[in-house]
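Engineer: This is the structure, below, for whatever I ask next.
Next comes the structure, spelled out in structure tokens:
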């Protein structure tokens, strides 16, 4: 118990130390380069490769919806009630393996071990998830990069593990540093940092902007009635104000 408490206090500092180390390494790696050179590296990426990266991003986000499908199959409830059950299935499987039982109950909730088919489905989704994520970065690499897809995917997973271990959201900084170091024998750092920035934009920024836009449109459509009522109320109060102000002014003048 004491050991667990000590580790829980140390782990956040390990993540911070990894982040500081990553920033230091990045500053050393990029010290001899200028922003103009990095931007030029981004512009050198052919539009065909950017389009391929965006297509793979769409496929990967579509694949992620399969986690919800797996959650629906596990709980046998409509999709809107599932929430984060996709992750819950994995946690439940770990718990069952630790306690050696096939089911247990907490209050009114009954938990049973996920079936072999469901576990296989989750494994397939996860493998495809990582393969597509790595492929997005791979297609953005220069054609002259002497690295195979399978070899690159191994390096990509190592960098992702480093990012996850740092506990920094998205592994920002740590992932990039690991990729720069791992890919240094194949691609100059100035080109690789441009590729990594394009990857962040394709896989994170553009989907975020698209989701924000869609959410805003959805809220706008659902709030049409509320906006109409608000506009009517504002119009009514403006009418009352226009009628009331002259009356009050006249009253003050007569006094």
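Numbering (the numbering used here), first residue to last: 66 to 320.
From the three backbone atoms N, C-alpha and C, an ideal C-beta is built for every residue, glycine too.
For the alpha helix (DSSP H) holding residue 247, just list the boundary residues, first then last.
Structural biologist: Segment 239 to 248, the alpha helix (DSSP H) holding residue 247.
Engineer: Does the separation of the CB atoms of residue 107 and residue 262 fall below 7 Å?
Structural biologist: Taking 7 Å as the Cβ cut-off, residue 107 and residue 262 qualify as a contacting pair.
Engineer: Taking 7 Å as the threshold (C-beta atoms), are residue 187 and residue 135 in contact?
Structural biologist: Their beta carbons are under 7 Å apart, which means residue 135 touches residue 187 by this criterion.
Engineer: With DSSP run on the structure shown, which of helix, strand or coil describes residue 279?
Structural biologist: DSSP places residue 279 in helix when its eight states are reduced to three.
Engineer: Check each candidate in 276, 286 and 213 and name the one with the smallest Cα separation from residue 123.
Structural biologist: It is 276.
Engineer: What do you get for residue 204, buried or exposed, if any count of 16 or more other CB atoms within 10 angstroms of its CB means buried?
Structural biologist: Buried is the call here.
Engineer: Closer than 6 Å by C-beta to residue 199: which residues in its own chain qualify, once you throw out the five before and the five after it? Chain order, please.
Structural biologist: So the list reads 218 and 221, once near-sequence residues are dropped.
Engineer: Check this for me: beta carbons of residue 230 and residue 243, under 7 Å apart or not?
Structural biologist: Going by C-beta atoms, residue 230 is not nearer than 7 Å to residue 243.
Engineer: Using only the alpha-carbon positions, how far apart do residue 181 and residue 225 sit?
Structural biologist: Computed Cα separation, rounded: 28 Å.
Engineer: Just how far apart, CA to CA, sit residue 104 and residue 131?
Structural biologist: Between residue 104 and residue 131, the C-alpha separation is close to 36 Å.
Engineer: Between residue 264 and the rest of its own chain, which residues show a CB-CB distance below 8 Å, the 5 nearest in sequence each way excluded?
Structural biologist: Excluding sequence neighbours, residue 264 sits near 118, 201, 202 and 205.
Engineer: In whole angstroms, give me the CA-to-CA distance for residue 279 and residue 197.
Structural biologist: Distance between the alpha carbons of residue 279 and residue 197: 24 Å.
Engineer: Throw me the rounded Cβ distance for the residue 210 and residue 252 pair, which I believe falls under 8 Å.
Structural biologist: Right, their Cβ atoms sit about 5 Å apart.
Engineer: Rounded C-beta distance between residue 258 and residue 245? I'm assuming under 8 Å.
Structural biologist: 7 Å between Cβ atoms; contact.
Engineer: Looking at the secondary structure, which residues open and close the alpha helix (DSSP H) in which residue 208 lies?
Structural biologist: Looking at the DSSP string, residue 208 is not in any alpha helix (DSSP H), and its letter there is neither H nor E.
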